[in-house]
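Novice: Taken in order, these protein sequences are the chains called A and B. So in this note's numbering, the last one in the first sequence is 259, and the numbering has no gaps at all. So in this note's numbering, the last one in the second sequence is 1259, and the numbering has no gaps at all. We treat Cβ as the ideally placed atom computed from N, Cα and C, and that holds for glycine. Bear in mind that the values here come from a model prediction, so they are computed numbers and not experimental data.
There are 2 protein chains.
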Amino acid sequence: MLTISQLAAYTGVTVRAVRHYHQIGLLPEPERDSSGYRRYSAGAVVSLIRIRILANAGVPLSQIGQMLDADASTFAAAVEEIDRHLGDEIARLETSRKQIAQLASGDRLALAPEVTTYLDRLRDIGVSERVVAGERDSWILMSARWPDRVREWMPSKIAQLDDPQLIRLYRILSEVFESDTSDDARLVEAADILASLADQAYRSGEIDLGEVAQDDLPFDLLDALAVEADPRVKRLLGLMRERGWDGLARLERLAGPST
Amino acid sequence: MLTISQLAAYTGVTVRAVRHYHQIGLLPEPERDSSGYRRYSAGAVVSLIRIRILANAGVPLSQIGQMLDADASTFAAAVEEIDRHLGDEIARLETSRKQIAQLASGDRLALAPEVTTYLDRLRDIGVSERVVAGERDSWILMSARWPDRVREWMPSKIAQLDDPQLIRLYRILSEVFESDTSDDARLVEAADILASLADQAYRSGEIDLGEVAQDDLPFDLLDALAVEADPRVKRLLGLMRERGWDGLARLERLAGPST
DNA sequence: GCTTGACCCTGACGCTGCGTCAACCCTCCA
DNA sequence: TGGAGGGTTGACGCAGCGTCAGGGTCAAGC
Chain A
1 MLTISQLAAY TGVTVRAVRH YHQIGLLPEP ERDSSGYRRY SAGAVVSLIR IRILANAGVP
61 LSQIGQMLDA DASTFAAAVE EIDRHLGDEI ARLETSRKQI AQLASGDRLA LAPEVTTYLD
121 RLRDIGVSER VVAGERDSWI LMSARWPDRV REWMPSKIAQ LDDPQLIRLY RILSEVFESD
181 TSDDARLVEA ADILASLADQ AYRSGEIDLG EVAQDDLPFD LLDALAVEAD PRVKRLLGLM
241 RERGWDGLAR LERLAGPST
Chain B
1001 MLTISQLAAY TGVTVRAVRH YHQIGLLPEP ERDSSGYRRY SAGAVVSLIR IRILANAGVP
1061 LSQIGQMLDA DASTFAAAVE EIDRHLGDEI ARLETSRKQI AQLASGDRLA LAPEVTTYLD
1121 RLRDIGVSER VVAGERDSWI LMSARWPDRV REWMPSKIAQ LDDPQLIRLY RILSEVFESD
1181 TSDDARLVEA ADILASLADQ AYRSGEIDLG EVAQDDLPFD LLDALAVEAD PRVKRLLGLM
1241 RERGWDGLAR LERLAGPST
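#1: Decide if A/P60 is buried, meaning its Cβ has at least 16 other Cβ atoms within 10 Å, or exposed.
#2: Could you list which residues in chain B have their beta carbon closer than 9 Å to that of A/I100, in chain order?
#3: Ordered along the chain, which non-local residues of its own chain (more than five positions away) have a Cβ less than 6 Å from that of B/L1222?
#4: Shortest alpha-carbon distance to B/I1082 belongs to which of B/M1067, B/Y1170, B/Y1037?
#5: Is the separation between the beta-carbon of B/A1191 and that of B/R1243 shorter than 8 Å?
#6: Please report the straight-line C-alpha distance between A/L7 and B/L1141, rounded to a whole angstrom.
#7: Terminal residues of the continuous alpha helix (DSSP H) containing B/A1133?
#8: Could you give the DSSP three-state label for A/R84: helix, strand or coil?
#9: Given A/R39, which residues of its chain have a CB within under 8 Å of its CB, disregarding the five upstream and five downstream residues?
#10: What in chain A is Cβ-close to B/L1248, meaning under 9 Å?
#11: Would you say A/G238 faces chain B, with C-beta separation under 8 Å as the test?
#12: Are the stretch 6-25 of chain A and the stretch 48-55 of chain A in contact at 8 Å, needing three or more beta carbon pairs?
#13: Name the chain B residues whose beta carbon is nearer than 9 Å to that of A/R32?
#14: For B/E1135, which residues from the same chain have a beta carbon less than 7 Å from its beta carbon, with the 5 sequence-adjacent residues on both sides left out?
#15: Whose Cβ in chain B lies nearer than 7 Å to the Cβ of A/Y10?
#16: According to the Cβ coordinates, are A/L225 and B/A1042 closer than 8 Å?
#17: Span of the alpha helix (DSSP H) holding B/T1116?
#18: Any beta-carbon of chain A closer than 8 Å to the one on B/L1194?
#19: Do we get a CB-CB distance below 8 Å when we pair A/A17 with the residues of chain B?
#20: What residues in the stretch 1141-1166 of chain B have a beta carbon less than 7 Å from any beta carbon of chain A?
#21: What in chain A is Cβ-close to B/V1314, meaning under 7 Å?
#22: Short check: CB of A/E178 to CB of A/R186, under 8 Å?
#23: Kindly identify the DSSP beta-bridge partner or partners of B/L1061.
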């Protein structure tokens, strides 16, 4: 006959846990000896080990009792269910592992490798750290919204970086936002380039965001984020509106002379 | 500017969770609008996503704040720690998966048929019910501890029952423990046989318990269980110690003249 | 016989990370 | 004008125990 602490030690649980299982009726209360101590038979060890195996697999204690009472086929079905659940959980932890690994390497927070490649390319082109950081934050938001689509978009995004106009745009923006003065002329220049690029994209029908276009929130959010990072973005938005475009992260034609 | 439900929807958490993060100071309270509603900036989205990545990795909320405030190297160390933890957790789930698979197969951790065969053979030989019951309880514990190994061990266990010495031993033990008197001479005889058998096994190098030998607890428990079932076992243990052996369920050479 | 230390007992509260009321206040639209 | 669909602050509930508090018991040593 075992005492509660022997039982606990043998099965690798705490005494408190055993008492808890008694309380919720999962493990039957054993006989007491003359002084009121619980005395366990070897069978209790077996019961407890079975309980722990299921509990370790993530089965709620409230279900374990029913499972152990169930007939073989019901039990087998439940086990299959648990196994699936364990598989999912393992997969979840593995993706989580990748995510935090990215988190560790600074800006690679939750970003697909394609995106980090893109950010690295921006640096190569000479884009300032502040602007790159802004891009990073934007892509974090994009990744949160469309985790899959983002990877599809990147190749063309990267390809666009070969366009001298775009490179020039980014360099101007880097200069502007790196300085503390408000060099309005540069902003105007940037707005002109941006509008020109938008026109080209618009004409070539390059805007095929699909369902994405339905959801304004992320893009509004991106613009707001940019404004927060640097209020001069507000001026840029104004300049774009003068040129017939709304937004920044995603440019939309304003109703105007050229409907 | 976002409302709380927009923020929540965007980051895939519940509104309640966001408010909880405010309560514990993990996410700073944003400005309120004229009607007292919380209004979030885009930066909050990024913060919240980072919080969720860490939380999903199993980091307690109470630590996440410190982590995000920490400098790069401290953060990197913490991430490494988390990664180890995740790896452990994945390994744990994988073993758990194997365990429940075993639980489903076989007779669910009760006694394997090999063991019941063994117990029946004991009865055939003339072993008393009390001793058989003791053996049964022991094997329940063994099965709980090493569900697989037990089935491997049984064939040789059953084969050993052909040994006349062992049969004689079991019969003596049956007699002794069935009677209420303490027939010490019989116990001495039993000890002699047991020591002789142990010597043989020891010399033939039959003791290959492998990793099992590392784990004393089960064997101590088996001995304790036997002593509880009948205090005369204590005397038997003493006699064995005189003969240079420790234990009963598993005999071990004591340090002595014949080291 | 007395102390000491290691157990055992039964409450009962604490902890995490929210879910889920309740009871009330805004705002917008028909 | 009223109803739907937001928002607000409490406050309690849940699992699965950990951790006291405030007792009693048992074996060992002095």
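Specialist: Well, looking at it:
#1: Along the first sequence, one-based indexing puts residue 60 of chain A at 60. When all chains shown are included, A/P60 counts as exposed.
#2: As a first step, residue 100 of chain A is located in the first sequence; it is residue number 100 there, counting from the start. Result: I1053, L1054, N1056, A1057, V1059, V1079, I1082, D1083, L1086.
#3: Sequence index remark: in the second sequence, residue 1222 of chain B carries index 222 (1-based). Cβ within range, chain order: S1138, A1249.
#4: Here residue 1082 of chain B refers to the residue found at position 82 of the second sequence. Of B/M1067, B/Y1170, B/Y1037, the residue nearest in Cα terms is B/M1067.
#5: Along the second sequence, one-based indexing puts residue 1191 of chain B at 191. Along the second sequence, one-based indexing puts residue 1243 of chain B at 243. Yes.
#6: Working through the first sequence from its first residue, we reach residue 7 of chain A at position 7. Working through the second sequence from its first residue, we reach residue 1141 of chain B at position 141. Inter-residue distance for A/L7 and B/L1141 is about 11 Å (C-alpha atoms, whole angstroms).
#7: As a position in the second sequence, residue 1133 of chain B is number 133, starting the count at 1. First-last of the alpha helix (DSSP H) with B/A1133: 1129-1145.
#8: For the purposes of this step, residue 84 of chain A is taken as residue 84 along the first sequence, with counting starting at 1. Correct three-state label for A/R84: helix.
#9: One-based indexing of the first sequence puts residue 39 of chain A at position 39. Here the set comprises M1, L2, T3, P30, E31, R32, D33.
#10: Counting from 1 along the second sequence, the entry for residue 1248 of chain B is found at position 248. Under the 9 Å cutoff, chain A gives no residues; its nearest Cβ is about 16 Å from B/L1248.
#11: Against the first sequence, residue 238 of chain A aligns to sequence position 238. No, because no Cβ of chain B sits closer than 8 Å to the Cβ of A/G238.
#12: Touching, yes.
#13: Indexing the first sequence from 1 puts residue 32 of chain A at position 32. Result: empty, since nearest Cβ-Cβ is about 16 Å, beyond 9 Å.
#14: Walking along the second sequence from the start, residue 1135 of chain B turns up at place 135. Around B/E1135: L1119, L1122.
#15: By one-based count along the first sequence, residue 10 of chain A stands at place 10. What A/Y10 touches in chain B: L1217, L1221.
#16: Walking along the first sequence from the start, residue 225 of chain A turns up at place 225. Walking along the second sequence from the start, residue 1042 of chain B turns up at place 42. In this structure, B/A1042 lies closer than 8 Å to A/L225 by Cβ.
#17: The residue labelled residue 1116 of chain B in the question sits at position 116 within the second sequence. Residue range 1113-1125 is occupied by the alpha helix (DSSP H) that includes B/T1116.
#18: As a first step, residue 1194 of chain B is located in the second sequence; it is residue number 194 there, counting from the start. Using beta-carbon distances, B/L1194 does not count as an interface residue toward chain A, since no partner is under 8 Å.
#19: Taking the first sequence and counting its residues from 1, one reaches residue 17 of chain A at position 17. Not an interface residue.
#20: Listed in sequence order: L1141, A1144.
#21: A question about residue 1314 of chain B goes unanswered here, because the residues of chain B that appear run from 1001 up to 1259.
#22: Here residue 178 of chain A is taken as the residue at index 178 of the first sequence, counted from 1. Here residue 186 of chain A is taken as the residue at index 186 of the first sequence, counted from 1. Cβ atoms of A/E178 and A/R186: not closer than 8 Å.
#23: Residue mapping note: residue 1061 of chain B aligns to position 61 of the second sequence, counting from 1. B/L1061 is not bridged by DSSP to any residue.
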